[in-house]
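Participant: What follows is a single structure, and I will ask about it in a moment.
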Amino acid sequence: MIVASICYQELVQETERFEVLVHANSNVRGVKVLTGRYPVNSDCGWTGKTKRYSIAVKFAQPLVNVPRVAVGLNKIYIGLTDTRSVRVESFASSITRGGFTCNAVSWKDGILHCATVDWIAIVDEPTWQKGLFKSSNFMIKKWGLEERVQFDEPFADGPPILFACLSSIEMVGKWSVRIYTTDIDHTGFTVGIVNSGEEGGSSENLVSASVTWIAIPVSEFMKKKNAWIGAFTTDIGKAFDLDKCGPGGWRGHVEFGFEFRRRPKIFVGFRQFCVNNDVNLRLETSTSNVTTSGMDWELGKWGDTNLLSAGVNFLAIDADT
Numbered sequence: 001m002i003v004a005s006i007c008y009q010e011l012v013q014e015t016e017r018f019e020v021l022v023h024a025n026s027n028v029r030g031v032k033v034l035t036g037r038y039p040v041n042s043d044c045g046w047t048g049k050t051k052r053y054s055i056a057v058k059f060a061q062p063l064v065n066v067p068r069v070a071v072g073l074n075k076i077y078i079g080l081t082d083t084r085s086v087r088v089e090s091f092a093s094s095i096t097r098g099g100f101t102c103n104a105v106s107w108k109d110g111i112l113h114c115a116t117v118d119w120i121a122i123v124d125e126p127t128w129q130k131g132l133f134k135s136s137n138f139m140i141k142k143w144g145l146e147e148r149v150q151f152d153e154p155f156a157d158g159p160p161i162l163f164a165c166l167s168s169i170e171m172v173g174k175w176s177v178r179i180y181t182t183d184i185d186h187t188g189f190t191v192g193i194v195n196s197g198e199e200g201g202s203s204e205n206l207v208s209a210s211v212t213w214i215a216i217p218v219s220e221f222m223k224k225k226n227a228w229i230g231a232f233t234t235d236i237g238k239a240f241d242l243d244k245c246g247p248g249g250w251r252g253h254v255e256f257g258f259e260f261r262r263r264p265k266i267f268v269g270f271r272q273f274c275v276n277n278d279v280n281l282r283l284e285t286s287t288s289n290v291t292t293s294g295m296d297w298e299l300g301k302w303g304d305t306n307l308l309s310a311g312v313n314f315l316a317i318d319a320d321t
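Using full-length UniProt numbering, you'd call the opening residue of the sequence shown number 1 and step up by one each time.
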């Protein structure tokens, strides 16, 4: 005979008949990731060409394993050159259990005044996969580029949900770029890099680009509901601060596909932008008022930059760490 002692509000009751009820969400747990955002230089002061900015990111305490770190651009300030060149790359280096170095660089005649980088450190999620697709200056044709990316291991539960954003860009002439992903299945996906199209023309201005991607098993959001991927663009936002250079930016609100059990962490990165190339390129994005069901967002510029359009992909995560 099994006897159970039931304790409730300091009262103890012994019983021989009892049932064990398991709540439907009892197996829900947060994701073992860390997220952050860092400006990789101290200010936006005037700088010369071919600059590199680095900052040490230290975790609050050493991790059990060396994490996998991904980064994405969410603010760039590029100086105007005679060739109208944009050359910027963000990346993580010197990754250890205690932290890593966050970097942003320019090269050749590129002038990088400042940049801000979103980062995510995947601590203990063996089913998640991350990668970096890097094109070369021989890959992007007149019409653009499409390339197949294979996962390290096929996903057992079908096509994963996929996040992708720009981590580097090199272009000369028109300042217009867009990335996209398609044909996602359990073995991989196709990534595209093209001219964003607002000003027409070809992708001849695109020299190279890098795309950060994170693939998450479909069960993570179908069953555990601890990750959601979405986007926001100037097309769906409300313009503000109109002046002779156009809108100062766009604002909006986005709802997640389900309600998180607590306020999620947000990782963002540009997926598209089109900016007039007659003055400096100044572009930034931010999120605010994050709740369990949604968040506010902003896409903007400053100074005399004329921003025609922009788009951002985001990853919302119920993070335990």
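Quick reminder that beta carbons are idealized off the backbone N, C-alpha and C, glycines included.
With DSSP collapsed to three states, give me the class of residue 118.
Facilitator: Correct three-state label for residue 118: strand.
Participant: Alpha carbon to alpha carbon, what distance is there between residue 267 and residue 253?
Facilitator: Roughly 16 Å separates the two Cα atoms.
Participant: With a threshold of 8 Å on Cβ separation, who are the neighbours of residue 312 within its own chain once the five nearest residues in sequence on each side are excluded?
Facilitator: Excluding positions up to five away in sequence, the list reads 74, 165, 231, 232, 233, 268, 269, 270, 271, 285, 297, 299.
Participant: Determine, using beta carbons only, whether residue 93 and residue 115 come nearer to each other than 8 Å.
Facilitator: No, the Cβ-Cβ distance between residue 93 and residue 115 is not below 8 Å.
Participant: In whole angstroms, what separates the C-alpha of residue 319 from that of residue 141?
Facilitator: So the alpha carbons of these two residues sit roughly 40 Å apart.
Participant: What three-state label does DSSP hand residue 94 in the structure shown?
Facilitator: Here residue 94 sits in coil by DSSP.
Participant: Can you find at least 3 beta carbon pairs, one from the stretch 141–161 and one from the stretch 100–117, that sit closer than 8 Å?
Facilitator: No, the stretch 141–161 is not in contact with the stretch 100–117.
Participant: Quick one: what's got a C-beta closer than 6 Å to residue 301's C-beta in the same chain, skipping five residues either side?
Facilitator: Cβ neighbours of residue 301 beyond the five flanking positions: 282, 283, 307.
Participant: Quick one, are the C-beta atoms of residue 181 and residue 187 less than 8 Å apart?
Facilitator: No, the pair does not count as a contact, with Cβ atoms beyond the cut-off.
Participant: Cα separation between residue 108 and residue 163?
Facilitator: Near 30 Å, if we compare the C-alpha coordinates of residue 163 and residue 108.
Participant: Tell me, to the nearest whole angstrom, how far the beta carbon of residue 35 is from that of residue 119; I am working on the premise that it is less than 8 Å.
Facilitator: With 8 Å as the limit, residue 35 and residue 119 qualify as a contact, their Cβ atoms being about 7 Å apart.
Participant: Going by alpha carbons, who is nearest to residue 237 out of 84, 310, 228, 167?
Facilitator: For the residues 84, 310, 228, 167, the minimum Cα distance to residue 237 belongs to 310.
Participant: Closer than 6 Å by C-beta to residue 54: which residues in its own chain qualify, once you throw out the five before and the five after it? Chain order, please.
Facilitator: Closer than 6 Å at Cβ, skipping near neighbours: 101, 103.
Participant: Pop quiz: residue 260 and residue 225 are said to be a contact at Cβ under 8 Å. What is the actual Cβ separation, rounded to whole angstroms?
Facilitator: The pair is a contact, with the Cβ atoms about 7 Å apart (cut-off 8 Å).
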